[in-house]
Amino acid sequence: MITFMRRLASTWVAKALFVLLVLSFAVWGIEDVVRNFGRDTAVARVGDQRIEAEEAQNAARREMSRIARQMGNRFEPNEAIRRAVAVGALENLIGERAMVAEAQRMGVVAPEEMVRETVFAIPGLRTPDGRFSRDFLAQVLRSNELTEAQFLTLIRGDLLRQQLLGAVRAGAAASDALTAPLLVWQTERRVADVVLLPFSAAPEPEAPTEAQLQRFLENNPQRFSTPEFRQISIAVLSAETLANEIAVSEDDIKQAFEARHGQYDRPERRQIRQVVLADEARAREIAQLWQSGAEWETVEAAATAAGGQAMALPMGDKTSLPIPALADAAFAALPQSVTDPVQSPFGWHVIGIEAVEAAQIFTIDQLRDQLRRDVAKDRALDLAYERGNKVEDALAGGMTLAEAAPRFGLVLVNATLDPGGRSPANEAVALPVAADQRNAVLRAIFTQDQGAAPRCRNLAMLLQRLKSAASRHRSCALLPRLNRTSGAR
């Protein structure tokens, strides 16, 4: 048998089959390349430049992330929003490529030195003392899903567009043939007679046919339909509802004050302005000028002329100044005063104290009520977890939700509502949950099957799964059997 296999392997037929096998594995390894060979995968072209689908998807994802950061937890994108963002991102890419192509055609270039200076001049990439921070740049790149090369390409393209558009704006002038009609239109005044024809004076129209009524119904279904309504009972067990059952002793309040009073105290905060120069003699001249009563604009101009920098810092406490020498000098100076030059690794600093907010230290008497509520709420969290397990056991044993609510301290609400949380009278239905939990509870109600047994849900976990704002307080929402009233046309 082995001899026969060896003889078969030496034939041309076996060699041809072996070659076909090798080629099939090779094609399988580069399937995407072979499948797309000769096909145009670009979603748009600008001249000889291609915009691939991956680039458009990355641009749309960055734009979606930017909108989400701006709107926070209120942003819940649907399919229409995603489509609009994707179209806008593609249009922006097309516009950028068109501008860059025109700039290249005209011979406009952005030197590397100009790109470098532009990056260093971006305010968001500079530390409070005005120095460029590569750490800030890395954070920006990570948050926007960009590499450093892609970021520099964007900066270079932006410089080309600025030069091109700036030249167009600087030399653009409209002719009289364009401005005269526009001026006439803006200054034109007309006198008109208006005749009002009331509907009551119009003749009675003919009765619509059956086909016309059917067509009108098909074109306006929303005017003759109602949303789905559900009759529900919801019971909520939360730390807020159980906190009143918790007794907090004076010793508990004292222990909480010792552990937590730092959370309520506020250190002294100051708003300062500073001038940074490399030369000590120049710094002392600026300090004398400022101490003599010169306005900030004068000090700022003098600092710039001396080759330094002048900047105003936001209100902050002592820890907001990273250099101890500067923090000590700034918080030892009197209000509305100017310090002598202070040296740091960045140069010589002259600091002016603009405003001071005094420290606020609370006593136990001032925090007694707040501490009592906080301690009760913390203990109620554990109690809610234990009580929730008992509620689940009771429901599993056949107890109804109406019976479990008063026994275990649940807040029970019966309502009829639509997916937006509104009643058949178009009024908002009050639910015993926090505002940031309302949407999550409504979704849970309308994803549960009709007639399903009551379920206990941890709202904090539910919010996290739904990518909403997570609740600080552990609570349990019980959703019972549902009587569904479907939307009727």
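Quick note: the sequence shown uses our numbering, first residue 4, plus one each step.
All C-beta atoms, glycine included, are put in the ideal place defined by N, C-alpha and C.
Taking C-beta atoms as the reference points, VAL112 and LEU163 count as a pair closer than 9 Å. Short of 6 Å from the beta carbon of PRO270, and not among the five residues preceding or following it, lie these beta carbons of its own chain, in chain order: ASP320 and ALA362.
In the same chain as GLU151, and ignoring 5 residues on each side of it, the C-beta atoms closer than 7 Å to its own belong to LEU144, in chain order. Leaving aside the five residues that flank LEU415 on each side, the residues in its chain whose CB is nearer than 6 Å to its CB run, in chain order, ALA238 and ALA408. Counting along the chain, GLN346 sits inside the beta strand (DSSP E) bounded by residues 345–347. Counting only runs of 4+ residues, the alpha helix (DSSP H) found wholly inside the stretch 311–356 occupies 327–335, in chain order.
VAL378 is positioned such that its CB atom lies closer than 9 Å to that of ILE256. The residues ALA242, LEU245, ALA246 and ILE249, in chain order, have a CB closer than 6 Å to that of ALA383 in the same chain once the five nearest residues on each side in sequence are set aside. Listed in chain order, the non-local C-beta contacts of ALA281 below 6 Å within the same chain comprise GLY350, local neighbours out to five positions each way being set aside. In the displayed model, ILE235 falls within a strand according to three-state DSSP. With fewer than 16 other Cβ atoms from the protein chains shown falling within 10 Å of its own Cβ, MET318 counts as exposed. Annotation note: the stretch 433–460 contains the following uninterrupted alpha helix (DSSP H) runs of length 4 or greater, listed N- to C-terminal: 441–450. Under the three-state reduction of DSSP, ARG273 is assigned to strand. Residue pairing by DSSP places ALA408 in no beta bridge whatsoever. At the C-beta level, ALA313 and GLU298 stay beyond 9 Å of one another. When Cβ pairs closer than 8 Å are counted between the two stretches, the stretch 416–424 is seen to touch the stretch 445–457, the count reaching three or more.
Residue burial is scored here from C-beta neighbours: THR342 has at least 16 other C-beta atoms within 10 angstroms and is therefore classed as buried. Contact annotation: the stretch 126–133 does not touch the stretch 47–56, with fewer than three C-beta pairs closer than 8 Å.
Membership of ILE54 in the beta strand (DSSP E) is indicated by the continuous run 52–55. Per the C-alpha coordinates, the member of THR182, LEU155 and LEU386 positioned closest to GLU115 is LEU155.
Taking C-alpha positions only, LEU386 is separated from SER426 by approximately 33 Å. Judged by DSSP secondary structure, LEU420 falls outside any alpha helix (DSSP H) and instead within the beta strand (DSSP E) spanning 414–420.
Using a Cβ distance threshold of 9 Å, ALA89 and GLN107 do not count as a contacting pair. Along the length of the stretch 168–237, whole alpha helix (DSSP H) runs at least 4 residues long occupy 179–190 and 213–222, reported in chain order.
The shortest CA-to-CA distance from LEU337 to any of GLN294, THR307 and ILE326 is the one to GLN294. Around ALA45, the same chain offers ARG53, ILE54 and GLU55 as residues with beta carbons nearer than 7 Å, after the five sequence neighbours per side are excluded. Close CB contacts of GLU283 within its chain, under the 8 Å cut and outside five residues either way in sequence, are with PRO344, GLN346 and TRP351 (chain order). LEU93 and VAL49 have their C-alpha atoms some 12 Å from each other. Shown here, LEU149 sits in coil according to DSSP, grouped into three states, outside any helix or strand. Rounded to whole angstroms, PHE78 and LEU434 show a C-alpha spacing of 22 Å. Going by DSSP, VAL378 is part of the alpha helix (DSSP H) stretching over 367–399. Cβ neighbours of ARG65 within its own chain (closer than 7 Å, five residues either side excluded): ASN147 and GLU148. At least 9 Å separates the beta-carbon of ILE364 from that of ALA315.
The beta carbon of ARG375 sits closer than 7 Å to the beta carbons of VAL251 and ILE256 from its chain, once the five residues preceding and following it are set aside; these are given in chain order. With a cutoff of 9 Å on beta-carbon distance, VAL278 and GLY310 are scored as not near each other. Under DSSP, ALA262 shares a beta bridge with no residue.
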